[in-house]
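To start, the structure itself, in structure tokens.
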Amino acid sequence: MSAKPEVGLVREASRQIVAGGSAGLVEICLMHPLDVVKTRFQIQRCATDPNSYKSLGDSFRMIFQVEGLFGFYKGILPPILAETPKRAVKFFTFEQYKKLLGYVSLSPALTFTIAGLGSGLTEAIIVNPFEVVKVGLQANRNTFAEQPSTIGYARQIIKKEGWGLQGLNKGLTATLGRHGVFNMVYFGFYYNVKNMIPVNKDPTLEFLRKFGIGLLSGTIASVINIPFDVAKSRIQGPQPVPGEIKYRTCFKTMATVYQEEGILALYKGLLPKIMRLGPGGAVMLLVYEYTYSWLQENW
């Protein structure tokens, strides 16, 4: 008698993992060029930097001219390697935290929000080493053919700085803040607003309803969490003076950026981030929900 529920639990978890991994893979393949541009904006310190971009359009033009089309896909292998397990963890842990919080007397709104925070923190721990490699590769301005391989660059980091908080796991606190805040807002907003707006019987309008809410969720979450994202890029990216670590901890990095460059510097890369995670967030939620529904019906 006890075997059936156990099999059902494994199958349900497998559906969530497969659907979440599929959502992440689709999103990263569509949106990675904007992530490269976002990182470049975040690591440039001021307008006098000879490598600084004047505008979003200028960044796309310069990357294409100097680094070629594949320059927009620098650092894509770490996200692809990480994205399937990362998004699988994101959606799977969200469902599990939500289930656990069901045993506590909380409102649905608070349940979605706290479950999102928990999923973001869990996701950050898993993904941070991949982020360190990705940011380092994205910061490299050589042509695609001249830059080190993903595995080669990861080995360089491990050999020089090790696996710890100064090496392959540097910037962990900023990554925890980035993912925790993002998922808290992303899931909290999406599921609460979706439950408030009636389901539409027309499949096209229902798709647009979900896409619109997902777009808003990704956009709002991006605006709120970007100071953590800037701090993460500064800590994990190249330091201003080689051999000297200026950006070391999350909140101290935010304070340094604010003092030296002003409040707007904490929002560098916001436009490409919104362009990526607004529609990208909607894509993820829709791919997850439709894939999960298909798996429920067919597996």
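Numbering-wise (this note's numbering), the sequence shown opens with residue 804 and increments by one. Idealized CB from N, CA, C, for every residue including glycine.
C-alpha distance - residue i paired with residue j, whole-angstrom precision
i: V936; j: R1012; result: 37 Å
i: V813; j: P881; result: 28 Å
i: R958; j: S855; result: 29 Å
i: K963; j: I831; result: 29 Å
i: L924; j: L975; result: 10 Å
i: T1056; j: I820; result: 35 Å
i: G811; j: L904; result: 21 Å
i: E1100; j: N995; result: 25 Å
i: M1078; j: I1016; result: 15 Å
i: T978; j: N931; result: 7 Å
i: K807; j: I954; result: At K807, the pLDDT of 41 sits below 50, so the modelled position is not reliable and the matter cannot be decided from this model.
i: N972; j: G823; result: 24 Å
i: P1030; j: F1054; result: 9 Å
i: E1063; j: G965; result: 30 Å
i: L859; j: L1069; result: 17 Å
i: E1092; j: F992; result: 16 Å
Range covered by the alpha helix (DSSP H) that runs through residue i
i: S825; result: A806 to I846
i: L975; result: L975 to M999
i: W1097; result: L1073 to N1101
i: Y1061; result: C1053 to E1064
i: Q1039; result: P1006 to Q1039
i: A942; result: P911 to A942
i: F875; result: Element bounds for F875: n/a, residue is neither H nor E.
i: A957; result: T953 to E964
i: E870; result: L859 to E870
Chain-order list of residues whose beta-carbon lies under 7 Å from that of residue i (same chain, five-residue window excluded)
i: Y956; result: V936, G939 and L940
i: S825; result: V1090 and T1094
i: Y989; result: G919, S1020, G1021, A1024 and G1084
i: M865; result: Y856
Neighbourhood of residue i by C-beta, 6 Å cutoff - its chain only, sequence neighbours within 5 removed
i: Q845; result: V1033, S1036, K1071 and G1072
i: Y906; result: none
i: H982; result: G923, E926 and A927
i: K841; result: G1072, P1075 and K1076
i: A942; result: I846, G1040 and P1041
i: N1003; result: E1009 and R1012
Cut-off 8 Å between Cβ atoms - residues of its own chain near residue i, not counting five sequence neighbours on either side
i: L1018; result: G1081, P1082, G1084 and A1085
Count the CB pairs spanning the region 1037–1048 and the region 1004–1011 that are closer than 8 Å, and state whether there are at least three.
-> no
Is the region 1075–1095 touching the region 1041–1048 in the sense that three or more CB pairs, one from each, lie closer than 8 Å?
-> Contact fails: fewer than three Cβ-Cβ distances are below 8 Å.
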